[in-house]
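K.L.:
Sequences listed follow chains A and B, in order. Here our numbering is used: the first residue of the first sequence is 1, the next is one more, and so on. Here our numbering is used: the first residue of the second sequence is 1, the next is one more, and so on. Where a beta carbon is used, it is the ideal one built from N, C-alpha and C, also for glycine. Small disclaimer: the values here were computed from a predicted structure and weren't measured. Would you mind keeping the following structure in view while I ask a few things?
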Amino acid sequence: MNDLIPLLKTSGVSKSFGGVLAVASVSFELKEGELLGIIGPNGSGKTTLVNLVTGFVKPNSGRIEYRGKNITGWAPYKIVSLGIARTFQMVRPFYQLPAFKNLIVPLYSPRVKKLAGGKYGDRDAVALDLLEEVGFERDAHVSYKVAGSLPQGYLKRLELAKSMALRPDLVILDELFSGLSLAEVASIVPIIEKLRFQGKAIIMIEHRLKELFRIADRVMVLNYGKKIAEGSGKEVMEDKAVKNAYLGSETE
Amino acid sequence: MKRRKERIDRGIKARSEDIFALSSYREMFYLLVPRAIPVVGLLGVAPFLSPYWKEVFISTAVYALLAISWDLLISAGLVSLGQSLFYGIGSYVAGALNYYWGWSPLFTIPVATLVGGVLCTVMLLPVLRLRGIYFAMVTLVLPLMLMRLVEATRILGGTEGLTGLTPFPNPVTSFYIIQIALLIALFGFRRIIDSDYGLVIRGINDNDRSVMSAGINIYWYKTQILFLGASVGSFAGAFGTHVDMFAGMPGFALDYSLLPVASAVVGGMGTFAGPMIGAFILVPLSEVLRALGALRIVFYGLFLVVFIVALPEGIFPYMQRKYHQFERWVEIE
Ligand SMILES: Nc1ncnc2c1ncn2[C@@H]1O[C@H](COP(=O)(O)OP(=O)(O)O)[C@@H](O)[C@H]1O
Ligand SMILES: [Mg+2]
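Written as structure tokens, this is what we have:
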């Protein structure tokens, strides 16, 4: 693709809920195949920014472009069809369905149909393969278990598999690691690295700074909805504003 | 020698082994019997019914269709308190085509099914985004508004309605038409909801944001389901109009809205067979209770409460569970 046009670009996007300014005039760019980390204290507007980019929330002002195309205010399903997939911070499985059946819904999307050349193919088989890719052991039949009976670690992987099922060019992971043990995080990191290797751009929102800095190309810091710093992990952590923001909040 | 009760779930075995299930006659039989019951039950009873009960059976099937349509809508998270909208529109479309242009029921019913489905969908389109109780309120109010509109403007026969419409050639024809339509709706809807398409529909009800993030336009899917449900309801109205030889304001009556909901709750929501069974209990029950005069509604209410308290999951899910699980005594040691 064209290297001059960024994959994703926001210019001064803002969103307020009632009186609260959740995202305040944030501008950032993401290149093709890049991994951008977004960090910030709780309530700093990270999830809202994801919701703005993915169309779940409409901005009050500002502009969002994907491959140079203005997608501001588009419906979520249209944004997905361009190739942007996301995970939810709060996992949202279909609890009564077997894990692999959860993937039928994204596999049914027009995007998957288009990429497959108009045919859907055997969705169940694709679903089982995807789950294996994110670490569901095939022999243990975990994929056939009802989602409601799975522990958090598997639900997070399922969430990741749902976004991968859409064969996106940009994946946005909203606190995928939160609530997971160190061992679980360590087992998911290679999956993300594999996605990068396939050339997908990734935005990761994380509180696990050590793991994030190891894989991120660049990190952006939000505080009270504003972008306060941007650069490598090391650079932003030495930033005065960032230090203040993190000292000022209770978490981390 | 001691004995204990062992519980076996036949259903899981037969269902999970799909193909293999058919390898044994016993398991094939086991899967076929529950499907044969409604077919034999609806089509086979005709010769044994008196003309009066035949009529009751016909109107029961009309309510059962409305209940199945209600169940389809609820599977996509659309709570309808206005099944009478579908019934009334279907009834007026068929009635008008027959009354003003003399079309035969052979044409009025299919046309009313489609046109009714489209009209109802268009009317509800603006509120399709509303969830739960908000959508429900609009569906409840709309038929009542249309009823008053007919009264005030005197269109379509006003309060008198359209009378003297063409009846079916004989009661037997109408009997089979409605029972076969009911079977098609029952098996068709069950098949749809069990498919991958149905999974998406149920997903919308369960967790709409998750479906949206999967790149699916949930409003388009809701529109499709609304059209399907409204068409089935309009078919019921068009059919009922030719049975009664009359189309009028009673088509928008609350009965057509509330009985389907009660049937679905009693029979078991989300199963299609449940709402149908519910209608086949509640409608004849209401006929039997007619003898009680003014006390009818009291006893009717009592029955409803008893059903709901005794089997909160619904009759059909209960029967289904009992059929799949059976207990047997086994000897230990
Ligand atoms: N749908 C909403 N309605 C009202 N307020 C919201 C909504 N979503 C987020 N907020 C508010 O916006 C601010 C940013 O929240 P969020 O984006 O979830 O932060 P983060 O993901 O960084 O923890 C918070 O003050 C939160 O309460
Ligand atoms: Mg968040």
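So D217 (chain A) packs on L35 (chain A), CB below 8 Å; how close in whole Å?
P.N.:
At roughly 5 Å, the Cβ-Cβ gap stays under 8 Å, so D217 (chain A) and L35 (chain A) are in contact.
K.L.:
Out of B:S257, B:G158, B:W220, which one is the CA nearest neighbour of L140 (chain B)?
P.N.:
It is B:S257 whose Cα lies nearest to the Cα of L140 (chain B).
K.L.:
Run down chain A in chain order and give the residues with a C-beta less than 7 Å from the C-beta of L199 (chain B).
P.N.:
Per Cβ cutoff of 7 Å: K101, I104, V105.
K.L.:
If we count the other Cβ atoms within 10 Å of its Cβ and call it buried at 16 or more, is R86 (chain A) buried or exposed?
P.N.:
By the 10 Å Cβ count, R86 (chain A) comes out buried.
K.L.:
Among B:G233, B:S75, B:A67, which has the Cα closest to the Cα of A112 (chain B)?
P.N.:
Among B:G233, B:S75, B:A67, the Cα nearest to that of A112 (chain B) is on B:G233.
K.L.:
Would the C-beta of G45 (chain A) count as close to ligand 1, meaning under 7 Å from any of its heavy atoms?
P.N.:
Answer for G45 (chain A): yes, Cβ within range of ligand 1.
K.L.:
Mind checking which residues open and close the alpha helix (DSSP H) that includes G274 (chain B)?
P.N.:
First-last of the alpha helix (DSSP H) with G274 (chain B): 273–288.
K.L.:
Could you check where the alpha helix (DSSP H) with D244 (chain B) kicks off and where it finishes?
P.N.:
Unbroken alpha helix (DSSP H) run through D244 (chain B): 218–244.
K.L.:
In the stretch 110–141 of chain A, which residues sit with their C-beta less than 7 Å from some C-beta in chain B, listed in chain order?
P.N.:
Of all residues in the stretch 110–141 of chain A, P110, R111, R123 have a Cβ within less than 7 Å of some Cβ in chain B.
K.L.:
Looking only at C-alpha atoms, which of A:E32, A:I5, A:N60, A:G18 sits nearest to I202 (chain A)?
P.N.:
Looking at the Cα atoms, A:E32 is the closest of the given residues.
K.L.:
May I ask you to check if the CB of N223 (chain A) is nearer than 7 Å to at least one heavy atom of ligand 1?
P.N.:
N223 (chain A): no, Cβ never under 7 Å from ligand 1.
K.L.:
Expressed to the nearest angstrom, what Euclidean distance is found between the alpha-carbon atoms of G258 (chain A) and I38 (chain A)?
P.N.:
Since the first residue of chain A shown is 1 and the last is 252, residue 258 (chain A) is not available in this structure.
K.L.:
Please state whether DSSP places V211 (chain B) in a helix, a strand or coil.
P.N.:
Three-state result, V211 (chain B): helix.
K.L.:
When DSSP labels each residue in this structure, what does D265 (chain A) get in the three-state scheme?
P.N.:
This structure gives no information on residue 265 (chain A), because the portion of chain A shown stretches from 1 to 252.
K.L.:
Distance, Cα to Cα, P110 (chain B) vs K222 (chain B)?
P.N.:
Looking at the two C-alpha atoms, the distance is approximately 23 Å.
K.L.:
Assuming N205 (chain B) is part of the alpha helix (DSSP H), what are its boundary residues?
P.N.:
Residues 196–206.
K.L.:
If you measure from the CB of Q198 (chain A), is any heavy atom of ligand 2 nearer than 7 Å?
P.N.:
Result no, Cβ not under 7 Å from ligand 2.
K.L.:
Return the CA-CA distance between Y87 (chain B) and L73 (chain B), expressed in angstroms with no decimal places.
P.N.:
C-alpha separation (whole angstroms): 15 Å.
K.L.:
Since A61 (chain B) is in the beta strand (DSSP E), which residue starts that stretch and which ends it?
P.N.:
It is not in any beta strand (DSSP E) - A61 (chain B) instead sits in the alpha helix (DSSP H) that spans 51–75.
K.L.:
Are the C-beta atoms of A76 (chain B) and some chain A residue less than 8 Å apart?
P.N.:
So no, A76 (chain B) is outside the interface.
K.L.:
With DSSP as the reference, please indicate the residues paired to I203 (chain A) in a beta bridge.
P.N.:
The partner list for I203 (chain A) (beta bridge, DSSP) reads A:L36, A:I172.
K.L.:
Please decide whether G215 (chain B) counts as near chain A, where near means a Cβ-Cβ distance under 8 Å.
P.N.:
By this cut-off, G215 (chain B) is an interface position.
K.L.:
Quick check on the DSSP output: the alpha helix (DSSP H) that includes N223 (chain A) runs from which residue to which?
P.N.:
First-last for N223 (chain A): 218–223, but that is the beta strand (DSSP E), not the alpha helix (DSSP H).
K.L.:
What are the boundary residues of the beta strand (DSSP E) that includes S61 (chain A)?
P.N.:
Element bounds for S61 (chain A): 61–66.
K.L.:
Shorter than 7 Å, the distance from the beta carbon of D194 (chain B) to the closest heavy atom of ligand 2, or not?
P.N.:
Incorrect: D194 (chain B) has no Cβ contact closer than 7 Å to ligand 2.
K.L.:
Determine, for Y77 (chain A), whether the minimum Cβ-Cβ distance to residues of chain B falls below 8 Å.
P.N.:
Yes, because at least one Cβ of chain B sits closer than 8 Å to the Cβ of Y77 (chain A).
K.L.:
Please indicate yes or no: does the CB of N60 (chain A) lie closer than 7 Å to some heavy atom of ligand 1?
P.N.:
No, ligand 1 has no heavy atom inside 7 Å of this Cβ.
K.L.:
With a cut-off of 8 Å, does the C-beta of L209 (chain B) fall near any C-beta of chain A?
P.N.:
Correcting the residue identity first, residue 209 (chain B) is Arg in this sequence and not Leu. By this cut-off, R209 (chain B) is an interface position.
K.L.:
Whole alpha helix (DSSP H) runs in the stretch 94–152 of chain B with 4 or more residues, listed along the chain?
P.N.:
Listed in chain order, they are 105–124.
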